[in-house]
Amino acid sequence: MSLLKSKPVDFETLWSEIEPSVEVLVNGTHRPFSYEKWQGVYRGVYSICTNPGAPQAEALFFQLREILVRRVTEIVEILQGESGDAEFLELYCNHFNIYSTGSNYVSELFAYLNRYWIRYAHSEYGQAPIPGVYPVPELALRIWRDIVHTTMQHRVVNALLHIFHTSRESGSEFFEYGDLVTTTVQIYLVLGLNKQDPLKLYRNEVETIFLQDTASYYSLVAQNLLQNVSIAEYLNLVEKLCTQEEHRCEGKMHRITVKQVRQTCCRVLVEEHTEQICDEMNSFLENNQVDDLRRLFHLFSELPNDQALMSLKANLKKYIEKSGMEVVQKFQHDESLKNPQEYIEALVAVREKFVDLIREAFGFHALMRTALDQACRTFANSHPRLPELLAKCTHLLMTKQGPNDNEIEVKIDQIGVVFCLLDDKDIFKKYYAKLLSQRLIHGTSVANDFEVLLVQKLREVCGCDFVSKLQKMFSDKLVSQTISSSYRAWRDEHHGMDEPNYLVDFSFDVLTAGVWPIPTSFSNDNVKLPTVCQYQVDLFTTYYVNQSTGRRLHWVHRLSHGLLRMTLSSRLYEVHASMYQIVLLLQFNDQTSWSATQLHERTQIPNIEAVHYHLQPLVKIKLLHAAPDLTMYTLNDKFTLKRSRIKAIPVQSILDFQPPVAGTTSSPREVTEDRKMVLQAAIVRVMKSRRECSFNQLFTETTSILSNQFVPSHSFLQQNIDLLIEKEYMRIQSDQMYMYVA
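As C-alpha cells, then:
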C-alpha cells in the first residue's frame, strides 16, 4: 500500500521543467518533441495535481494562464506592426491557427488538470467555482478573444470589407484572398463561446457591419446605374450583381449571411427604387418583354415584405383593366348584341393573353392570378348586358348548324371562363333557362351531351342548387319521350281505327310547372285548335290523367309547333310554324283575305297583338300580304320559293324578360324581387349562426354566401336588413351592431 502513496513534490522545480515545453507549443516553435519528453511533462502535471500537501493545481492553472496571456500579448504587438490589409489578415489567421493548435496540444498535456481540478473549480459549473477557471481549450480562446480580438476587431473587419470591395470593383465573384475570409469567419465562429447564441459575436461584429457596408456600396451603385441605363438594363445588371455577391459570400461567410446579403442587395437595388421601376412596367407589358417582367418579378419576390409585389400586382391589374376596357369599348352595345359570340371570344382572348403572360413571366403566382381575376371581372362586368350576351352566345353555340364538335367543346370552356367572371350569375341563369327551354321545346339543340356538359360547367362554379331546375328540364324531356312512346302504344291499341290518328302525327312534352320559365299567362289559352289537333289533345289528356293520379295538365299552345303542308302555284311546301301560325293559316282555306279582327275572333288567340306577331314572319317571306295598317291579311296565291321547306316560327322565349337599361346597373323587377328573398335568407342564416353581427361582417359573410349568384350592394343589403327588422327577425343593438331575435 505504501507504494501507491503520492510523494510530495517541489512545484517550482516541476514547473521549471514543464514551462519550456508549454511555451514551445503555444509559440509554434518547430522543435523536436520526443515521446519521453511528452510523457515527462504529462507526469509532471499529474504529480502537481496529486501532491498530498497544500493544493498546487490552482497554481499550475494560473501559471499556464500567464503563459497564454504573455503569448497573445506578443501576437498583438506583432500584428500592430503590419500595415497592409491582406497581409495583416493573413498574419492574424496564421497566428491564431498556431496558437489554437498549440493550445490543443497543451490541453492534452494538462488532461488531468482538466478532468479533476478544473471541473471542480469551473467558474460556471464547478462545485467551488473560481472566476476565470475554464478548460484549457476554452481558456485559450477566451484569452485570445479578450486581448487579441478586442484590440484588433475593427482592423480585422475593415480588412474583410476591403477584400470584398476589391473583388466588387474588379467585377469578379471570385477573389484572391478568399481563403483568408473563410478562415477569419471560422475564427469568429470559434470565438463565439456563448452557448445560448454561438453566432452572437459573429453576427454583432461581422455580419451586421458587413451588411451595412454592402448596403452603402450598392446604394451608390444603384444611383449611378439609374442615371445611365434603362430600367430593363438596370434589372439585368441588378440580377447579375445580386448573384455575384451571393456567390462571393458562398463558402466564405456563414450560410445565414449568404441569404441575408442577397436580400440586402435586392432591398437596396430594387425595393428602394420600386416606384421608378414600376413606372416602366407598362412599357414591358405593351412590348411583351417577358424576360424583363420575369426578372422584375423574381427580384421583387426576394424582398422580405410584399409591398413591391403588391405594387406589381396593382400595376398589372390596372394594365389588364385598360386592355379589357379597350375591347369593351370596341364592341359598342349595339355591335356586341349583334355579335355576342365575337364579343365573348374577345373577352376570353384578353384573359388568355394575360394567363399566358402570368404563367411565363410570373410563374402563375397567386397574387398575379388574383390581379388577373379582379381585372377581368372589372372590365367584363362593365358591360351592363353581359349576362344577356353570354346567354345569347351560348344559345347560338348550342343551336343546330353551329360549329363542329371540337369547336363546341372549346367554346364551352370559353363560356365557362366568362361565367366565372360574371357578377350577375342569377340574371344569366334567367336568360339561359329561357333560351334552353326554347331549344328543348323546338328541338333545335345541337346535341344533348353538349347541353349537359355546359350545365356541368355551371354546376362546378355555382353548385347543385344553381342548376337543379336546368337539370330537371332535361329530365322532363327524357320522361316526355317515354310518355309519348307509351301513349302511342296505348292509342294504337284502343283507338287505332280512329281517322284523326292517320291525319297527323303528334308528340307531347310534359313539363313540370315552376321548373320551366314559362309565364302562367301562356297556359290554358282558349285558342280554337283544328279538329284533328283537338282530338289528340283530348285523347292524350284522358290517357295522362288515368296514368298519373293527382296530376293535372295545363296546355301551352303558344309554345307548340308543327309542320304544315300546303300547295300553292301547283307546288308543295312544308312550313315549320308555331301552333298559332298553323291555326291562322288554316283559316285561309276558307277564303284568301281576312281582317286581323276576324282572325282573332275565329281563332280565339288571346289578343290581337299576338295575331300580328305570329303573322309577321309569314308576311316577311311573302306568303301573306299585309295592309299598311295591318288591318287586313291576304294569301299570296302566286307565292314561289326555291326551297320547299320554310321556317316561319317566331322566337318568343325571352320577350317577357327585359334586360337592364343600357348604361345602368339596375336589374329587372323580377330579378330584384328574387334577390330580395335570397338575400334575406342569407342574412337570417348568418344572424342565426352569429347571434350578433356588425354591418361590415354581415356584408362580408352574405357576399361570400351569394357569390355564386350575385354581389349585393351595401344599399341593397341595408334595405333588406331594414325589412327584416320590420319583420322582427332582428334588431339594432348599438353602433350598427345587429342582434338576431327570431
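Heads up: the sequence shown at position 193 corresponds to 192 in numbering that gives the first Met the number 0, and the numbers run straight through without jumps.
Ideal Cβ placement from N, Cα and C applies to all residues, glycine included.
Every value quoted in this text rests on a predicted model; they were computed, and no experiment measured them.
Around the C-beta of Tyr217, 16 or more other C-beta atoms lie within 10 Å, and the residue is accordingly described as buried. For the stretch 407-495, the continuous alpha helix (DSSP H) assignments of 4+ residues that do not extend past its boundaries occur at 424-441, 447-461, 463-494, in sequence order. Buried is the label assigned to Val135, since at least 16 other Cβ atoms lie within 10 Å of its Cβ.
Between Met631 and Ser577, the C-beta spacing is not below 8 Å. Straight-line measurement puts the Cα of Glu65 at about 37 Å from the Cα of Thr256.
Glu320 and Phe363 have their C-alpha atoms some 18 Å from each other. With respect to the 8 Å criterion, Lys471 and Val536 are not classified as neighbours on the basis of their beta carbons. A residue is called buried when at least 16 other Cβ atoms come within 10 angstroms of its Cβ; Ser381 does not meet this threshold and is exposed. Here DSSP, grouped into helix, strand and coil, assigns Ala609 to helix. By the 16-neighbour rule on beta-carbons within 10 angstroms, Glu387 is buried. Of the candidates Arg570, Asp145, Leu585, Leu585 places its Cα closest to the Cα of Lys527. The beta carbon of Val618 is closer than 6 Å to those of Ala625 in its chain, skipping five residues each way along the sequence. If you look at Gln732, you'll find it in the beta strand (DSSP E) that goes 729-733. Burial is judged here by how many other beta carbons sit within 10 angstroms of a residue's own beta carbon; Lys391 has at least 16 and is buried. Of the candidates Met738, Glu271, Arg70, Ile357, the residue whose Cα lies closest to the Cα of Gly101 is Arg70.
The alpha-carbon separation between Ala85 and Ile208 amounts to approximately 18 Å.
Judged by DSSP secondary structure, Lys687 falls within the alpha helix (DSSP H) whose first and last residues are 668-689. For Glu76, the enclosing alpha helix (DSSP H) covers residues 56-79. The residues Asn635, Phe638, in chain order, have a CB closer than 8 Å to that of Lys621 in the same chain once the five nearest residues on each side in sequence are set aside. Each of Thr369, Val416, Ala647 was checked against the Cα of Tyr572, and the nearest Cα belongs to Ala647. The bridge partners DSSP lists for Arg564 are Glu573.
The stretch 96-113 and the stretch 162-174 do not touch, with fewer than three beta-carbon pairs separated by less than 8 Å. A direct Cα-Cα distance of roughly 14 Å separates Phe361 from Ser310. For Glu206, the closest of Asn157, Thr242, Val228, Val220 by C-alpha to C-alpha distance is Asn157. With contacts defined as CB atoms closer than 8 Å, Tyr318 and Asn287 fail to qualify as a contacting pair. Annotated as proximal: Leu346 and Ala379, with beta-carbon spacing under 8 Å. Look at Trp515 here: in three-state DSSP terms it is coil, with no helix or strand label. Here DSSP, grouped into helix, strand and coil, assigns Ile645 to strand. In the three-state DSSP reduction, Trp554 falls in the coil class, being neither helix nor strand. Closest in C-alpha terms to Gln437, from the list Glu274, Pro516, Thr213, comes Pro516. For Met397, the secondary structure class from DSSP, reduced to helix, strand or coil, is helix.
According to the DSSP assignment, His624 belongs to the beta strand (DSSP E) that extends over 623-625. Scanning Tyr486, Thr481, Ile17, Glu270 for the CA closest to the CA of Leu308 turns up Glu270. Exclusion of the five residues before and after Ala432 leaves Pro516 as the residues of its chain whose Cβ lies within less than 6 Å of its Cβ. The straight-line gap separating the alpha-carbon atoms of Val21 and Val105 is approximately 6 Å. In the displayed model, Thr28 falls within coil according to three-state DSSP, outside both helix and strand.
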